[in-house]
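In the numbering used here, the protein residues as written are 121 to 831. Ideal Cβ positions, reconstructed from N, Cα and C, are used throughout, including at glycine. Quantities reported herein were computed from a predicted structural model and do not represent experimental measurements.
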């Protein structure tokens, strides 16, 4: 079989030295998993963008984006592909009407082809996109009976539009392709011009790599290069998401993986015992995670999971627990709603809800530690420890190898109202809601709810921290009142409604994907930061610069942001504002970088270099805004942030947006600020300067003293 595949690869790549896939589209990665499937185009990381397969008496060629099937630069390959698919037959080539640009490309090289609205049995080769599965069965039969199929498409867009749904199972192209041993992944690859793969690169195959991996786990003479091991992690995780039911070849591979992982056991990864991300242990963690998601019983694997292990005295509740959640979400983003329940590692939970709720797009999420650590060099936990399931039926069994807090995700714009969700197989977790949970109830929870993670909640923010930290918190009310005060200030400066449409979230984790903290939903922080966010006394005396900085990131808006210059600058306006207006900590004390000597040093250094825009970043960029605030107060900022929410057709480039800010701020304070912004190196356009020339001069311009000193 290997020799036949090499001949196929040679025929398909004959006369070609490189494959230029820069066609304007963003390609997906392809998964080559069938015994008779093989790669044709690979990047340096073995990510596949062209592949082919034998199926029955027929053949298939797959491209990672439909643009590859119409690009003139791909002409030599496409001609080879169609001839290989035809297997020497002289029949007609049919091109689907939505791929019409392919037809002239083939015709001008003497291939007889015609545009077809759908598949016809008299065709020898059929060419189409991978975005409809209406003819999936017919296409599969067509190939099995000797036809050739040239097909292309990407799955990343479908995945982005169908959160909670598995692209390997639900994307229309994969419904067609999976049985051929080929699939389209939601992951993308960077388009480029790639030399045709070397024989060594072309020899990589998921099944072969899996066999070598098994030999290594069994302490036999297996050999797997680092690049192949990294690829196996991705491919194995993807393969396990393909529905195996009714497909003996897939069922047997699932069984093999289950046997392998049970035999090797899971590495007890932790901060004290990290594993390298390119190690066999990391591959085991990734494969075990997805194997559990596929529905395989992994309770045996879950024993002894290090830092993620719950108390051995915890057992799932024998009785179902019903919680009522708010199914209304007026915001622009999906919202996590806490259930106050925890799923133990390796266990299943049975979730049930009403018919109306089952058709409302709700999802269940296990775990809140959503950072994917796949690209980290070392791992203190498994790369992925959360899992989502669509609640598109009234009852569903959910599981996650690593366990986690249970959430219901309410889609943006939902008007569902109160929803009762019944969960069997979970345990109560510590959960305090400001204004609802009594101190007596909290004390009882601290004695009885022994899940490893708990939450402190208001209508505007939710803090997810280890239960061990919560046990030292005698009364959560004061710190949550403070958080609500700070959140009100965050909303006030941003000109956003308060209470928030849905609460912001801060989640502590043993390892995060970037930095000391990072913004997003949720904001992620390290375990060391937990004391900083739940100790009211420390917060009032020392401040909380980092968390408010990340909340500031979440308030930044494209219209008045000038990346990369202001990305790490304007978010600090919220840190300054909250520290001064809520905590009573002046900016000079809130952060060492804002001491008067430091500020003056930065201004002089920036002007000394000629105020180059390329150096106007972070603290230097923040200084521009602080000078404006110290002169005109916070009100112009709040008013402008509100006005920007109403603007449409904003400039797309930094220069245009910067000039709009100069114009808007000058008009707001009724001063000509052009000389001020020019002193900072802003590229103020002549028409903007001319339009503001009639405004009064800003005589108190703080930059004048520095400019005069330089003269």
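Go ahead and pull the three-state DSSP assignment for residue i.
i           : result
residue 140 : strand
residue 626 : strand
residue 586 : strand
residue 490 : coil
residue 345 : coil
residue 568 : helix
residue 552 : strand
residue 131 : helix
residue 336 : helix
residue 527 : strand
residue 534 : coil
residue 356 : helix
residue 829 : helix
residue 154 : coil
residue 161 : strand
residue 823 : coil
residue 391 : coil
residue 148 : strand
residue 427 : Confidence at residue 427 is low in this model, with a pLDDT of 43, below 50, so the placement of that residue should be treated as unreliable; the coordinate-derived value is given next. Of the three classes helix, strand and coil, the one that applies to residue 427 here is helix, per DSSP.
residue 384 : helix
residue 688 : coil
residue 709 : helix
residue 170 : strand
residue 396 : strand
residue 437 : coil
Since residue i and residue j are thought to touch, with beta carbons under 8 Å apart, how far apart are those beta carbons, to the nearest angstrom?
i           : j           : result
residue 552 : residue 619 : With a Cβ gap of about 17 Å, residue 552 and residue 619 do not count as contacting.
residue 315 : residue 138 : 5 Å
residue 358 : residue 296 : That pair is no contact at about 17 Å.
residue 710 : residue 663 : 5 Å
residue 518 : residue 469 : 5 Å
residue 647 : residue 628 : 5 Å
residue 641 : residue 727 : With a Cβ gap of about 39 Å, residue 641 and residue 727 do not count as contacting.
residue 252 : residue 292 : 5 Å
Quick one: give me the first and last residue of the alpha helix (DSSP H) that residue i is part of.
i           : result
residue 678 : It is not in any alpha helix (DSSP H) - residue 678 carries neither H nor E in the DSSP assignment.
residue 249 : That residue, residue 249, is in no alpha helix (DSSP H); its beta strand (DSSP E) goes 243 to 249.
residue 716 : 716 to 728
residue 692 : 691 to 701
residue 502 : Careful: residue 502 lies outside any alpha helix (DSSP H) and carries neither H nor E.
residue 515 : Premise fails: residue 515 lies in the beta strand (DSSP E), 515 to 519, not in any alpha helix (DSSP H).
Measuring straight from C-alpha to C-alpha, what distance separates residue i and residue j?
i           : j           : result
residue 580 : residue 321 : 52 Å
residue 189 : residue 541 : 47 Å
residue 247 : residue 367 : 26 Å
residue 267 : residue 205 : 7 Å
residue 125 : residue 356 : 22 Å
residue 182 : residue 794 : 56 Å
residue 198 : residue 635 : 45 Å
residue 294 : residue 688 : 41 Å
residue 604 : residue 637 : 20 Å
residue 655 : residue 361 : 43 Å
residue 264 : residue 207 : 14 Å
residue 130 : residue 157 : 14 Å
residue 713 : residue 788 : 29 Å
residue 339 : residue 401 : 14 Å
residue 220 : residue 201 : 17 Å
residue 211 : residue 242 : 8 Å
residue 650 : residue 140 : 49 Å
residue 667 : residue 584 : 13 Å
residue 660 : residue 571 : 30 Å
residue 429 : residue 308 : Any answer about residue 429 is weak, because its pLDDT of 48 lies below 50 and its placement is not dependable; what the coordinates show is given next. In a straight line, the C-alpha of residue 429 is about 34 Å away from that of residue 308.
residue 792 : residue 725 : 25 Å
residue 427 : residue 522 : Bear in mind that a pLDDT of 43 at residue 427, under 50, signals an unreliable position, so the number given afterwards is only what the model happens to contain. Approximately 10 Å, taken between the alpha carbons.
Counting along the chain, where does the beta strand (DSSP E) carrying residue i start and finish?
i           : result
residue 881 : The structure shown does not extend to residue 881, since the chain is modelled only from 121 through 831, so no value can be given for it.
residue 573 : 573 to 577
residue 507 : 507 to 510
residue 402 : Run containing residue 402: none in the beta strand (DSSP E); it sits in the alpha helix (DSSP H), 400 to 413.
residue 445 : 441 to 448
residue 365 : Counting along the chain, residue 365 falls outside any beta strand (DSSP E), and DSSP gives it neither H nor E.
Using a threshold of 6 Å, is the CB atom of residue i nearer than that to any non-hydrogen atom of the ligand MG?
i           : result
residue 214 : Absent from the structure shown: the ligand MG. Ligands present: none.
Beta strand (DSSP E) runs wholly inside the region 309 to 334, at least 3 long, in chain order: The region 309 to 334 contains, as complete beta strand (DSSP E) runs of 3+ residues, the segments 313 to 315 (chain order).
Entirely enclosed alpha helix (DSSP H) segments - the region 585 to 671, minimum 4 residues: Correct list: 587 to 590, 597 to 614, 650 to 654, 656 to 662.
Segments assigned beta strand (DSSP E), at least 3 residues, entirely inside the region 256 to 312: As for any beta strand (DSSP E) of minimum length 3 sitting wholly inside the region 256 to 312, the runs are 268 to 272, 302 to 308, ordered along the chain.
Runs of alpha helix (DSSP H) lying entirely within the region 735 to 821, each at least 4 residues, in chain order: Here the runs fully enclosed are 738 to 752, 755 to 764, 774 to 789, 794 to 799, 806 to 812.
Residue ranges of each beta strand (DSSP E) within the region 176 to 236, 3 or longer: Taking only runs of at least 3 residues, the beta strand (DSSP E) segments lying wholly in the region 176 to 236 are 178 to 183, 212 to 216, 233 to 236.
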